[in-house]
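Numbering (my numbering), first residue to last: 727 to 1053.
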Amino acid sequence: MVQLVIAASVLGPISIGFYRLAIAAVVLLLFTARQLSALIRAFRIAPGATLVSGAGLGVYQALYFLGVAWAGVGVATVVALGMAPILTATWESVRSRTRPSPLTLSSVSVALIGLAMVATAGTEVTAAAPKPVLGLLASAGSGVLYSITALVSRHVAQRIPALMLTTMTTTIGALTLLPIAVVTGIGFSPNLRTISGLIFLGVMTTAVAYGLYYAGLKTVAGSTAAVLTLLEPVTAAVLAVILLTEPMSMWTVFGSVLLLSSIAALYLSPMPRQGEPLLAGGPLEIGYVLVDHFPDSTRGVDVIARQPSGADSLSGLVMNDDLQTRG
């Protein structure tokens, strides 16, 4: 859709990113208009992390759109979205000071090989990829920044309702891109294709998509959601070939398969158990959501399990409250 809007207008990738977030922000602000005081209170819960998350959303989206314009939809999407889970898995191992499992090491290694194959195959200049090297760098930067933003916003996402958090981050993201968009040009001749494309990007792929994603996380396991997210680069690559007639070599296809399948294997694998956590009462299955809620009193527990039962979650809350009281 970004390529179609670029072709139908004189707008650049950054300006399109601004319009996408601005339209989404307007829709969400209208939807939450009667909850303005609650929105302000939610922002005060974690203003710094919310600002970083919103600014990160704007910048990594702008870099991704630059990657699409310069390297093509398929390559940019695979590189940007493929890097994020690998970087996140690596950081979590470093932060928890645990030795990565053989599966994690092999998955990351295979993913890096696949990423290298996609990158080296995507350096040829074509009509769909006029600046492939710059596009790859922009896509890689988008993936890195996305990972950082996700890690920063992890704690605040557990304390602020998804709708309010999305409203705030899209608004902040739009304001972040506004100065750059003004410099690069935000004016265009109105036509049905451009306007409908921008509305679709803002409403469907941002406001509605984020709402569905957060709603799905309430009923779908985190590992399943991570793998389902990989459908995006696969779908983008297929549509780029079919609708935009972008060329895609077998080298790129094979590298993409290696990258995405290694991520799927990593996130579908069972989390290794670590014996006794730093909590009284014996082994306790506690998920990432509890670790994020109590980051200071449960260090290292985040590697125990991803999907706790309701009873274990309740026990974890009680025990962590007790630890914080005694601490």
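C-beta: ideal position from N, C-alpha, C; glycine also.
Exercise. CB-CB under 7 Å to Ala866, same chain, minus the five flanking residues each way: which ones, in chain order?
Worked result: Val805 and Met809
Problem set entry | Outcome for Met890 when other beta-carbon atoms lying within 10 angstroms are tallied against a minimum of 16 | buried
For this session: Would you check if the region 786-799 and the region 741-753 touch, i.e. whether three or more CB-CB distances between them fall below 8 Å?
Result: yes
For this session: Note the first and the last residue of the continuous alpha helix (DSSP H) segment covering Glu818.
Result: For Glu818, the enclosing alpha helix (DSSP H) begins and ends at Val799 to Ser822.
Exercise. Relative to the C-alpha of Gly928, which residue among Ser833, Ala748 and Val979 is closest?
Worked result: With distances taken between Cα atoms, Gly928 lies closest to Ala748.
For this session: On a CA-only basis, which of Phe980, Pro887, Leu992 and Ile912 is nearest Ile680? Give me that one, please.
Result: Beyond the ends of the chain as shown, which are 727 and 1053, falls residue 680; an answer cannot be given.
Exercise. Alpha carbon to alpha carbon, what distance is there between Arg821 and Ala842?
Worked result: Those two C-alpha atoms are separated by around 26 Å.
Problem set entry | Distance, Val859 Cα to Gly899 Cα | 26 Å
Problem set entry | Sequence-distant residues of its chain with Cβ nearer than 7 Å to Arg885 (five each side left out) | Ile771 and Ala772
Exercise. In three-state DSSP terms, what is Arg767?
Worked result: helix
Problem set entry | Buried versus exposed call for Met976 [16 or more other C-beta atoms within 10 Å across all chains shown] | exposed
Exercise. In chain order, what residues of the same chain have a beta carbon less than 7 Å from the beta carbon of Ala883, not counting five sequence neighbours either side?
Worked result: The residues Leu891, in chain order, have a CB closer than 7 Å to that of Ala883 in the same chain once the five nearest residues on each side in sequence are set aside.
For this session: In angstroms with no decimal places, state the Cα-to-Cα distance between Phe791 and Leu986.
Result: 21 Å
For this session: Under 8 Å Cβ to Cβ from Gly911, same chain only, skipping five residues before and after it: list those, please.
Result: Val736, Leu737, Gly738 and Ser741
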